[in-house]
Amino acid sequence: MSFLFPDQNLLPFDGEVLYFPNFISNDFFEKLKEEINWKQEGMKIFGKEVAFPRLTAWYAENGKTYTYSGLKNIPEEFTESLLLIKKKVESQAGVRFNSALLNYYRHGNDSMGWHTDNEPELGENPVIASISLGGSRKLQFKHKATPKSTQNIILEPGSLLLMQGSTQHHWLHQIPKVKEAEGRINITFRRIF
């Protein structure tokens, strides 16, 4: 799916998702791959510890923690690269972010299952700003009440995706597994209350 107008809402109803291609230099990919303190975290499923199919990292101001999938993330301080990217994203989004969850998808088997970013510390209608670096990957949306309502978006290197309004109340999203894929880093800037 390609979009002629960056301010066009990509969702047909019940939310707002905006896509900005060529937003930032893809040169940040190699730098972040090396300087971020990546971790192989996991969660318990039916009493068994299962590793996330990707590497993750949590960076935030003022010791802001973030809990999802039963995992409490203790923050590291923003790197200079992350601060540069954050400033540019804040200018476009009109929001001051105080945290960033990073995901490193090393290959096509790394993925993120269906979920919403609806944790209480994100507030009522969170704005999530997602930067993509490295290879392209497909992002899928599925409406909670009408699962046949779906949207597929190819997240290109250097792009920005903004999820805002009531999106997290009504839509699930995922990065599915694929046969082959280049490495991809995703930075999701958030505001923790």
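Residues 137 to 329, numbered by the numbering used here, are exactly what the sequence shown covers, in order.
All residues carry an ideal CB built from backbone N, CA and C; glycine is no exception.
Start-to-end residues for the beta strand (DSSP E) that takes in residue i
{"i": "Phe277", "result": "273-279"}
{"i": "Thr286", "result": "286-291"}
{"i": "Lys175", "result": "Where Lys175 is concerned, there is no enclosing beta strand (DSSP E), given that its DSSP letter is neither H nor E."}
Proximity winner among the options, relative to residue i (alpha-carbon distances)
{"i": "His309", "options": "Gly230, Leu291, Leu191, Asn158", "result": "Leu291"}
{"i": "Pro211", "options": "Glu316, His305, Tyr195", "result": "Tyr195"}
{"i": "Ile328", "options": "Leu296, Phe156, Asn209, Met248", "result": "Asn209"}
{"i": "Leu147", "options": "Glu316, Gln300, Ile321", "result": "Gln300"}
{"i": "Gly151", "options": "Ser285, Ile321, Pro312", "result": "Ser285"}
{"i": "Glu213", "options": "Asn198, Ser227, Gly206", "result": "Asn198"}
{"i": "Leu168", "options": "Phe233, Leu269, Glu316, Ala317", "result": "Leu269"}
{"i": "Val314", "options": "Pro189, His306, Leu238, Asn145", "result": "Pro189"}
{"i": "Leu238", "options": "Glu257, Glu171, Ala317, Asn245", "result": "Glu171"}
Residue environment, residue i, which counts as buried when at least 16 other CB atoms sit within 10 Å
{"i": "Leu220", "result": "exposed"}
{"i": "Lys222", "result": "buried"}
{"i": "Thr203", "result": "exposed"}
{"i": "Ser138", "result": "Reliability fails at Ser138, whose pLDDT of 43 lies under 50, so the model's placement of it is uncertain and the value that follows must be treated cautiously. Exposed, by the Cβ-count rule."}
{"i": "Ser161", "result": "exposed"}
Residue i at chain E interface by Cβ criterion, 8 Å
{"i": "Lys224", "result": "Protein chains in the displayed structure number just one, and chain E is not present."}
Opening and closing residue of the alpha helix (DSSP H) in which residue i lies
{"i": "Phe182", "result": "No alpha helix (DSSP H) contains Phe182, which DSSP labels as neither H nor E."}
{"i": "Val153", "result": "No alpha helix (DSSP H) contains Val153, which is instead part of the beta strand (DSSP E) from 152-156."}
{"i": "Thr252", "result": "Thr252 -> no alpha helix (DSSP H), and no H or E assigned at all."}
8 Å contact criterion, which residue i and residue j should meet: CB distance rounded
{"i": "Ser302", "j": "Asn261", "result": "6 Å"}
{"i": "Ser295", "j": "Pro157", "result": "5 Å"}
{"i": "Lys175", "j": "Leu191", "result": "6 Å"}
{"i": "Ile340", "j": "Leu275", "result": "Not covered by the structure: residue 340. The range shown for the chain is 137 to 329."}
Coarse secondary structure for residue i, derived from DSSP in three states
{"i": "Arg320", "result": "strand"}
{"i": "Ile221", "result": "helix"}
{"i": "Leu146", "result": "coil"}
{"i": "Phe233", "result": "coil"}
{"i": "Lys315", "result": "coil"}
{"i": "Phe164", "result": "helix"}
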